[in-house]
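So that you can map any letter, position 370 of the sequence shown is 370 in our numbering, and since no number is skipped, the others follow by simple counting.
Don't be surprised by glycine CBs; every beta carbon is placed ideally from N, CA and C.
Every value quoted in this text rests on a predicted model; they were computed, and no experiment measured them.
Take a look at the structure below.
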Amino acid sequence: MPLLSRRTLIQGSAVAAAYGIGAGIAGRFGTASAAPKPVGIDAVLTEGMIDGKTATKKLMTYALAGTSEPGLAPVLRMRKGEEFAARLSNRLDEPTTVHWHGLRIPNAMDGVPILTQPYVYPGDGFDYRFTPPDAGTFWYHPHCNTLTQIGRGMTGVIVVEDPKDAVFDAEVVLNLRDWRLGGDGQFIDQYKARDAAKSGTFGTVRTANWQSQPDYDVPAGGFLRLRIVASDVTRIYNLRINGAEAVIIAIDGQPLPRTTPLDMSVIAPGQRLDLVVRMPESEGASVDLEDIRPSRPKTIARFRSIGASLKRDLGDVAPLNPNPGVEPDLSSATEVPLVLSATAENSAENSICGSLGFSFWAINKVAWTGDSADPTAPLAEMKLGRTYLLNLQNVTPHAHPIHLHGMNFKVVSSSTGTVAPLISDTYLILPDERVQLALVADNPGDWVFHCHIIEHQKTGMTGYLRVA
Ligand code: C2O
Ligand code: CU
């Protein structure tokens, strides 16, 4: 039998590529025939060097099926408008799922236990299949026992390519995250209740791609495309580039209509930042990516110029090809009030996907910890195709990177002053801020809406929007 290339297959199914169509084909192993060959992704337990001194045991990660020594989860490459398939095999000793953060795909593929799919038990699997409609930098992670599973390593980057995008001289993907390790290199308690009730519990070891301050060689005078993902459970970064000029080309996967010089950019858990850095002319010169949020700046990664200068000019970087737009019709928008608040310390119900034992946070006064068999009522019921204006209000003294599954929103206005009309899936709402986020309810299903500081998500700052 002639082997069909993935390309051919995808072209054949391109008509059905608009999301929504072709939903629900996936199930447990055993898919319809005309699918691209699934990428085998195993959820595994492993050990590895994180702090540079001792092997950390009980790491959790994703590995391509058959990988003998799993480490950092693989970067998954997809193409805008082309079908992608993955077969998850759960080799952990607890249930899991995969959520594709930022991809606007059918609800049945969204990876939220109970709400969109059954738990995937140890030894079991699940077939995911979807067509990403947007190009950009996204990521994948479990949506079950997330503080433990993400905290112990299960975060991977997704690159959705657009054949129309410019090719740069080098590309580096950076998965930024911390680990809560003790002096012996082993995991310590993932959280402290008193911190979960505040900004969240921070890790003790910082890494980029599971390494502390990794180094990369890049052509001198060339363009380096940096794809940065904040996949930590808690940490917010104030990123800057030291030693070179850089421009922002995309935020949260979405291309900016105009490239913007990078001064400092804040990215919170769940968010992404795509930069083009113009490397220095002279061989050996180095450029640092730094986090200047802490009082003493921390170097996250370093890039060294090598070879003869390519003599690029940052002014030549064109905006990326836009993604299919979200065009909210504000004149007919229905307003949805969403108040983020703290709650009294009620204890939370237990769940198959783990519980931290508290509920510290709420949306519209309801504390839901997600992952439970009896979801609360939806925060709003939306009509397919209509525009909604989420009037989000943060009445807590902490910042919350609030994330919506399955749809993008556009930032309309904020009490903090003028805002850029960014399109995104995650918005960092500051203490006491009010923000208006407009969305077109164009993807049917139950879509989780939660804070991406995982302790906040797991202690009540979770809800969902129903689109039908
Ligand atoms: Cu990164 Cu519920 O999401
Ligand atoms: Cu939060």
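Take residue 192, set aside five residues on each side of it, and the residues of its chain with a beta-carbon closer than 6 Å to its own are 201, in chain order.
Annotation for residue 193: the continuous alpha helix (DSSP H) segment containing it runs 193-196. Closer than 8 Å to some heavy atom of the ligand C2O: that does not describe the Cβ of residue 254. In this structure, the ligand C2O has no non-hydrogen atom nearer than 8 Å to the beta-carbon of residue 368. Annotation for residue 179 indicates a beta carbon at 8 Å or more from all heavy atoms of the ligand CU. Rounded to the nearest angstrom, the gap between the Cα atoms of residue 363 and residue 341 is 6 Å. Under DSSP, residue 382 shares a beta bridge with 467. Straight across, the Cα-Cα distance linking residue 183 with residue 157 is about 29 Å. These are the residues, in chain order, with a beta carbon less than 6 Å from any non-hydrogen atom of the ligand CU: 400, 451, 453, 456, 461. With contacts defined as CB atoms closer than 9 Å, residue 354 and residue 148 qualify as a contacting pair.
With a cut-off of 8 Å on Cβ pairs, the stretch 263-277 is in contact with the stretch 225-234, counting three or more such pairs. In the structure shown, residue 242 falls within a strand segment according to DSSP collapsed to helix, strand and coil. A distance of 9 Å or more separates the beta carbons of residue 315 and residue 279.
As far as DSSP is concerned, residue 186 takes part in no beta bridge. Residue 74 sits away from residue 59, with the two beta carbons spaced by 9 Å or more.
Residue 455 counts as buried, since at least 16 other C-beta atoms from the protein chains shown sit within 10 angstroms of its C-beta. A distance below 6 Å between beta-carbons, with the five flanking residues on each side excluded, links residue 134 to the following residues of its chain, in chain order: 323. Between residue 336 and residue 390, the CB-CB gap stays under 9 Å.
If you look at residue 393, you'll find it in the beta strand (DSSP E) that goes 387-394.
With contacts defined as CB atoms closer than 9 Å, residue 56 and residue 181 qualify as a contacting pair. Contact check for residue 188 against residue 239 fails: the beta carbons are separated by 9 Å or more. The beta carbon of residue 208 lies closer than 6 Å to those of 174, 176, 214, 300, 301 in the same chain, with the five residues before and after it left out. For residue 316, the secondary structure class from DSSP, reduced to helix, strand or coil, is helix. With a contact defined as Cβ atoms closer than 8 Å, residue 138 and residue 325 miss out at about 18 Å. Inclusion of residue 225 and residue 275 in the CB contact set at 9 Å is warranted, their separation being smaller than that value. The ligand C2O has a heavy atom closer than 8 Å to the beta-carbon of residue 139. Distances from the CB of residue 270 to the heavy atoms of the ligand C2O include at least one below 8 Å. Here residue 76 is near residue 159, since their CB atoms are less than 9 Å apart. Look at residue 156 here: in three-state DSSP terms it is strand.
In the DSSP assignment, the residues bridged to residue 440 are 387. By the 16-neighbour rule on beta-carbons within 10 angstroms, residue 395 is exposed. Looking at the DSSP output, residue 361 bridges to 342. Around the beta-carbon of residue 431, fewer than 16 other beta-carbon atoms lie within 10 Å, marking it exposed.
A distance criterion of 8 Å places the beta-carbon of residue 448 in contact range of the ligand C2O, judged by its closest non-hydrogen atom. Closest in C-alpha terms to residue 290, from the list 310, 332, 307, 243, comes 243. Under DSSP, residue 229 takes part in a beta bridge, and its partners are 175, 272.
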